[in-house]
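Novice:
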Amino acid sequence: MKLVETKPKFPDTDKVTINLGLVDLAQMDLLVAEGFYTNRTDFVRTAIRNQLQQHGDAIRQTVTRKRFVMGMQRYTKAELEAGVAAGERLDIHVLGLATIDDDVTPELARAAIASIQVLGAFIAPAAVKSALADRIHS
96 MKLVETKPKF PDTDKVTINL GLVDLAQMDL LVAEGFYTNR TDFVRTAIRN
146 QLQQHGDAIR QTVTRKRFVM GMQRYTKAEL EAGVAAGERL DIHVLGLATI
196 DDDVTPELAR AAIASIQVLG AFIAPAAVKS ALADRIHS
């Protein structure tokens with residue numbers, strides 16, 4: 096029998112709800128009806144990507160200045176224990192997704208993590224999030 100290691104599935108998208116004026120919505124629907132976009136979601140995603148591209152330099156400079164890690168950053172029990180053993184505490188800065196593994200105890204998290212700033216999503220056990228509440232910054 097072959098054992099297959101499964102990786103936990105993390106979200107790569109999140110839902111955003113916006114309110115639009117009726118005229119803006121009608122113009123967007125017109126562009127969809129005329130075939131410029133496949134649907135409203137395609138229009139909104141394209142508009143967001145265009146804005147992110149337009150501000151790309153500012154994003155890169157801020158990421159560098161604030162020492163953000165872009166993408167997904169996972170914190171395991173072993174990594175956090177190693178940091179504590181070395182007398183180090185983490186300042187976590189993530190632009191994207193930060194996760195703390197389910198086997199990390201609240202006590203270990205408090206000993207290993209000095210601060211957390213995540214722009215995107217932060218996934219951790221509820222008890223760990225509660226233990227770090229005073230260290231989580233938006």
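The opening position of the sequence shown corresponds to residue 96 in the numbering used here, with each subsequent residue numbered one higher. No residue lacks a Cβ here, since even glycine has one placed at the ideal position from N, Cα and C.
1) Mapping the DSSP letters down to three states, classify residue 138 as helix, strand or coil.
2) Starting from the C-beta of residue 213, find all residues in its chain whose C-beta is less than 6 Å away, skip the five residues before and the five after it, and write them out in chain order.
3) Quick check: the Cα distance between residue 175 and residue 114, rounded to an integer number of angstroms?
4) Could you say if the segment 194-209 and the segment 218-230 meet the contact criterion of at least three C-beta pairs nearer than 8 Å?
5) CB-CB under 6 Å to residue 168, same chain, minus the five flanking residues each way: which ones, in chain order?
Specialist: This is what the structure gives:
1) helix
2) Cβ neighbours of residue 213 within its own chain (closer than 6 Å, five residues either side excluded): 189 and 193.
3) 42 Å
4) Taking 8 Å as the limit for Cβ pairs, the verdict is that the segment 218-230 does touch the segment 194-209.
5) 189 and 193
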